[in-house]
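In my numbering, the protein residues as written are 178 to 764.
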């Protein structure tokens with residue numbers, strides 16, 4: 178990803194920690210950051226609330242009691258690793274609470290979790306102090322990063338919009354501004370969990386004019402928008418009319434979502450009776466802070482999700498050729514592989530096109546279910562057995578692929594080509610070369626030179642250092658992959674609970690926008706893996722064969738990593754770890 182915040186500040190202020198702080202937020206919250214690197218949906222604090230909500234669902238008979246065990250496992254694992262929680266509770270105190278939780282009867286477990294919530298009531302204040310203290314120590318980048326990995330999910334779980342935090346970070350730390358360490362405090366002060374009043378102005382279909390009286394009475398919508406508010410705002414006046422509404426929310430993005438949701442009930446029924454399929458809303462809206470008068474133009478996204486076509490230009494010819502090749506290959510099979518894949522693609526397309534978040538989520542989930550057709554075990558068990566291995570198989574490679582993209586996107590092309598020629602005798606390198614560059618001792622001088630190109634990018638420099646340390650021994654690779662698989666299993670079960678909540682109660686689960694975003698990435702990754710293996714490899718001719726192949730590969734990797742777990746990683750080890758991709762490339 179191309180970083181927008183590079184520290185070219187007006188007053189010549191330079192501070193690696195401040196720049197690292199801002200770039201970390203930019204990376205963790207960037208809409209195009211993949212699920213391996215983006216911010217978690219929940220932190221240790223918000224997991225406690227998830228347990229309380231799930232506890233009530235168990236009492237109502239909506240989910241199985243075992244889901245509370247899954248959440249509690251995640252709670253105790255996360256509490257011990259959360260640097261903010263560890264500023265409040267000692268590890269011995271967490272252990273004592275865990276032992277109490279394990280000892281009490283089921284009905285009393287909720288009281289123990291409530292006790293924990295009360296112990297962490299100063300989380301926001303302590304998190305801010307922790308971040309500010311470590312900002313003053315330029316070398317404390319690990320502490321800063323771990324603090325943000327806890328604090329950002331806390332803000333999102335508390336009701337702040339991910340998009341708002343992302344854009345506010347860019348606004349505060351953008352180039353050309355006067356910056357100091359105190360600017361970080363200014364940034365953090367914004368998140369006080371106090372609602373503000375906003376006026377939201379958005380373009381809606383002209384046909385809504387005939388329902389003006391109803392909307393003004395029922396939804397407190399205004400059809401009179403002063404011209405001073407819409408200066409510089411462009412929309413199609415032949416298709417849309419501007420309406421406005423006033424709401425109280427934590428931030429401008431949440432205010433726009435609130436007004437959209439208020440209107441959604443009307444638009445759903447109107448579109449049903451009119452049988453209309455045209456877009457009801459324009460592409461963006463204006464949100465005005467009533468106290469400060471500040472205006473923000475906010476893009477309206479279907480479901481609040483970012484789709485690839487909105488953010489990147491793709492060759493339509495290349496897409497067409499790829500689609501034609503995949504279809505031709507699938508149609509040649511004499512078994513039932515095409516109907517299975519076609520059903521999954523239809524569900525994915527329906528999810529992509531659906532304007533209602535709950536329906537999108539269910540369609541994305543249906544993609545995974547349609548690929549798992551065994552009748553003798555539950556769907557969630559099938560998904561864990563078959564889908565999780567595909568998602569975890571690429572984890573190791575994805576870590577380096579993302580870092581390589583960061584390097585190539587932010588270092589001038591001619592400078593990078595010269596660097597690659599010096600150390601690899603070619604102007605560009607693949608992921609295998611890059612992993613060798615980052616991990617092997619023989620490239621130590623090369624890494625020093627690479628870092629010299631990244632003066633304005635402390636987050637990338639930190640990642641190079643952290644990944645080198647994290648994967649220098651085989652046992653650390655094994656532990657990291659296993660940790661990822663555990664987190665992935667917890668998250669798939671969370672998605673399953675969200676699915677059950679929508680289907681069985683008709684309610685909207687909390688954090689559904691973020692859950693749907695992750696689920697969309699999972700389904701996309703799985704479908705691409707299946708399609709390209711079926712298309713390219715002659716030894717794989719159905720989905721079940723691929724599931725077996727991936728499972729065996731993962732098992733082989735773990736066995737390999739266990740043999741000489743304490744030795745430093747070698748070139749041969751790295752080649753073996755990414756050998757599955759080489760197997761595809763060989764066909």
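Every residue gets a Cβ at the ideal spot worked out from N, C-alpha and C, and that includes glycine. Here the structure is a predicted model, which is why all the values come from computation and not from measurement.
Excluding residues up to 5 positions away in sequence, 427 lie with their Cβ nearer than 6 Å to the Cβ of residue 336 in the same chain. Listed in chain order, the alpha helix (DSSP H) runs fully inside the segment 556 to 628 are 556 to 570, 572 to 587, 590 to 601 and 608 to 616, counting runs of at least 4 residues. Within the same chain, Cβ atoms closer than 6 Å to the Cβ of residue 439 are found at 396, the five residues on either side in sequence being excluded.
Residue 609 is a Cβ neighbour of residue 755, given a cutoff of 7 Å. Secondary structure note for residue 729: its alpha helix (DSSP H) is the uninterrupted segment 720 to 740. By the neighbour-count criterion, in which a residue is buried when 16 or more other Cβ atoms sit within 10 angstroms of its Cβ, residue 537 is buried. No residue range can be given for residue 685, since it is assigned to no beta strand (DSSP E) and is classified by DSSP as neither H nor E. Taking C-beta separations shorter than 6 Å and ignoring five residues to either side along the sequence, the partners of residue 217 in its chain run 330, following chain order. Per DSSP, the unbroken alpha helix (DSSP H) holding residue 526 starts and ends at 514 to 530.
Residue pairing from DSSP leaves residue 544 without any beta-bridge partner. The DSSP-derived three-state label of residue 340 is helix. Ranked by Cα distance from residue 354, the first of 693, 719 and 188 is 188. Under the three-state reduction of DSSP, residue 375 is assigned to strand. In this structure residue 568 touches residue 703 by the C-beta definition: roughly 7 Å separates them, less than 8 Å. For residue 294, the closest alpha carbon among the candidates 240, 227, 347 and 348 is that of 227. For residue 476, the enclosing beta strand (DSSP E) covers residues 472 to 476.
Per DSSP, reduced to three states, the secondary structure at residue 382 is strand.
As a beta-bridge residue in DSSP terms, residue 462 pairs with 475. Distance check between residue 429 and each of 393, 469, 256 and 400 places 469 closest, using alpha-carbon atoms only. Counting the other CB atoms within 10 Å of its CB gives residue 695 a total of 16 or more, which places it among the buried residues. Residue 683 and residue 676 have their C-alpha atoms some 10 Å from each other.
Sequence-distant Cβ neighbours of residue 289 in its own chain, meaning closer than 8 Å and more than five residues away, are 274, 277, 278 and 281. In the three-state reduction of the DSSP assignment, residue 240 falls in the coil class. About 6 Å separates the beta carbons of residue 685 and residue 535, which is inside the 8 Å limit, making them a contact pair.
For the pair residue 178 and residue 205, the Cα-to-Cα distance works out to about 11 Å. In the three-state scheme derived from DSSP, where H, G and I count as helix and E and B as strand, residue 396 is classed as coil. Approximately 11 Å separates the beta-carbon atoms of residue 717 and residue 708; this is outside 8 Å, ruling out the contact. Just measuring C-alpha positions, the residue of 349, 669, 383 and 564 sitting nearest residue 196 is 349.
Within the model, the alpha-carbon separation for residue 628 versus residue 638 is close to 6 Å. Out of 605, 392 and 333, the CA that lies nearest to the CA of residue 370 is found in 333.
Using a 10 angstroms sphere on the CB of residue 248, the tally of other CB atoms reaches 16 or more, which defines it as buried.
By the CB criterion at 7 Å, residue 324 and residue 308 fall inside the cutoff.
Taking C-beta atoms under 8 Å as the contact rule, residue 207 and residue 343 qualify, at a distance of about 7 Å. With contacts defined by Cβ atoms closer than 7 Å, residue 544 and residue 563 do not form a contacting pair.
Per DSSP, residue 426 is one residue of the beta strand (DSSP E) stretching across 417 to 426.
Under DSSP, no beta-bridge partner is assigned to residue 299.
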